[in-house]
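J.: The sequence shown stops at residue 197 when you use this note's numbering, and every number in between is there.
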Amino acid sequence: PFFLNLDVQGIPLADERFDLVLANHMLYHVPDIDRAVAEIARVLKPGGLLAAATNGIQHMKELRELVAGFAPGSQDGSAEKRFSLENGSKWLEPHFSSIEVDFYPSNLMVTEPQPLIDYVLSMWPLKEPPDSALVAGFSAFVHRRFAAQNPFPITKAQGLFLAKK
Numbered sequence: 033p034f035f036l037n038l039d040v041q042g043i044p045l046a047d048e049r050f051d052l053v054l055a056n057h058m059l060y061h062v063p064d065i066d067r068a069v070a071e072i073a074r075v076l077k078p079g080g081l082l083a084a085a086t087n088g089i090q091h092m093k094e095l096r097e098l099v100a101g102f103a104p105g106s107q108d109g110s111a112e113k114r115f116s117l118e119n120g121s122k123w124l125e126p127h128f129s130s131i132e133v134d135f136y137p138s139n140l141m142v143t144e145p146q147p148l149i150d151y152v153l154s155m156w157p158l159k160e161p162p163d164s165a166l167v168a169g170f171s172a173f174v175h176r177r178f179a180a181q182n183p184f185p186i187t188k189a190q191g192l193f194l195a196k197k
């Protein structure tokens, strides 16, 4: 067995080569999802399996709302809306004979503000990186929210599509 990291929209390999393709939380980032799924189906052997992990639309909604409360318009969750637990089947059905989805709902209870602040700042949603004033403002904002609600709950909506060729 071997593993590849490549552009899924144009897999430079022969047809029907793999028994399994893993797409771990990435199809919602691909510009042309249908093309990517068609390419995956093309390189799978008959009876081959695609395992595609993804998020649901409600995934981390409280975190998006928290950031939007500080920086309105910064969080739309558009990536998750592209290929999600709710709509992934529509992308897979034209290319696969059977599709199963396993949902893994859970919640995260954050008890300290700093790890949450660090996480958000590590992937700041605005085009400009956060400067020291923004970091201080966001930190103060999150600390006020934690003073009002601790622990801070975050919905985790994730799952896995198993699509058989």
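Every residue gets a Cβ at the ideal spot worked out from N, C-alpha and C, and that includes glycine.
Remember, predicted model here, so these are calculated numbers, not experimental data.
Jot down the residue ranges of each uninterrupted beta strand (DSSP E) in the stretch 35-120, minimum 3 residues, whole runs only, in chain order.
T.: Taking only runs of at least 3 residues, the beta strand (DSSP E) segments lying wholly in the stretch 35-120 are 50-56 and 76-87.
J.: Quick one: any contact between the stretch 114-123 and the stretch 65-78, if contact means 3 or more CB pairs under 8 Å?
T.: Enough Cβ pairs lie closer than 8 Å, so yes.
J.: With distances taken from CA atoms, which of Pro161, Ile72, Asn56 and Phe184 is nearest Glu125?
T.: Translated into positions along the sequence shown, residue 125 becomes position 93. The shortest Cα separation from Glu125 among Pro161, Ile72, Asn56 and Phe184 belongs to Ile72.
J.: How would you write the range of the alpha helix (DSSP H) that Asp163 sits in, first residue to last?
T.: Along the sequence shown, read from residue 1 onward, the residue named residue 163 stands at position 131. No alpha helix (DSSP H) holds Asp163; DSSP gives it neither H nor E.
J.: Would you mind sorting Asn139 into buried or exposed? The rule is 16 or more other CB atoms within 10 Å of its CB.
T.: Translated into the one-based positions of the sequence shown, residue 139 becomes position 107. Exposed.
J.: With distances taken between CB atoms, is the gap from Phe50 to Leu76 smaller than 8 Å?
T.: As a first step, residue 50 must be located in the sequence shown, where it is residue number 18. As a first step, residue 76 must be located in the sequence shown, where it is residue number 44. It is a contact, given that the beta carbons lie within the stated cut-off.
J.: Can you round the beta-carbon distance between Leu52 and Gly80 to whole angstroms, since I take them to be within the 8 Å contact cut?
T.: Residue numbering aside, residue 52 sits at position 20 when the sequence shown is read from its first letter. Residue numbering aside, residue 80 sits at position 48 when the sequence shown is read from its first letter. Correct: roughly 7 Å between the Cβ atoms.
J.: Would you kindly work out how many angstroms separate the C-alpha atoms of Ala103 and Val69, rounded to a whole number?
T.: Residue 103 sits at position 71 when you count from the first residue of the sequence shown. Residue 69 sits at position 37 when you count from the first residue of the sequence shown. Spanning the two alpha carbons is a distance of roughly 35 Å.
J.: With a 10 Å radius around its C-beta and 16 neighbouring C-beta atoms as the bar for buried, classify Asn87 as buried or exposed.
T.: Indexing the sequence shown from 1 puts residue 87 at position 55. So Asn87 ends up on the buried side.
J.: Distance, Cα to Cα, Ala195 vs Val152?
T.: Start at 1 with the first residue of the sequence shown, and residue 195 comes out as number 163. Start at 1 with the first residue of the sequence shown, and residue 152 comes out as number 120. Between Ala195 and Val152, the C-alpha separation is close to 33 Å.
J.: Could you pull the start and end residues of the beta strand (DSSP E) that Pro137 belongs to?
T.: Translated into the one-based positions of the sequence shown, residue 137 becomes position 105. Run containing Pro137: Ser130 to Val142, per the beta strand (DSSP E) assignment.
J.: Pull up the CB-CB distance for His175 and Pro147, whole angstroms please, since I reckon it's below 8 Å.
T.: Start at 1 with the first residue of the sequence shown, and residue 175 comes out as number 143. Start at 1 with the first residue of the sequence shown, and residue 147 comes out as number 115. 13 Å between Cβ atoms; not a contact.
J.: Less than 6 Å between C-beta atoms, sequence neighbours within five positions excluded: which residues of the same chain meet that for Ile186?
T.: Position 154 of the sequence shown, counted from the start, is the residue given in the question as residue 186. Hits under 6 Å: Met92, Glu94, Leu95 and Leu140.
J.: Given this structure, state the Cα-to-Cα distance separating Ala165 from Arg74, to the nearest angstrom.
T.: Counting from 1 along the sequence shown, the entry for residue 165 is found at position 133. Counting from 1 along the sequence shown, the entry for residue 74 is found at position 42. Using only the alpha carbons, I get a separation of about 50 Å.
J.: Just curious, the beta strand (DSSP E) that Pro185 is in, first and last residue?
T.: Numbered from 1 along the sequence shown, position 153 holds the residue referred to as residue 185. Unbroken beta strand (DSSP E) run through Pro185: Phe184 to Lys196.
J.: Which same chain residues, not among the five before or five after Ala55, have their C-beta less than 6 Å away from its C-beta?
T.: Reading the sequence shown from its first residue, position 23 is the one you call residue 55. Here the set comprises Ala84.
J.: Relative to the alpha-carbon of Glu132, which residue among Leu45, Ile43 and Leu82 has its alpha-carbon at the smallest distance?
T.: Here residue 132 corresponds to residue number 100 of the sequence shown, with the count starting at 1. Answer by Cα proximity: Leu82.
J.: What is the DSSP secondary structure of Trp156, reduced to helix, strand or coil?
T.: Reading the sequence shown from its first residue, position 124 is the one you call residue 156. Of the three classes helix, strand and coil, the one that applies to Trp156 here is coil, per DSSP.
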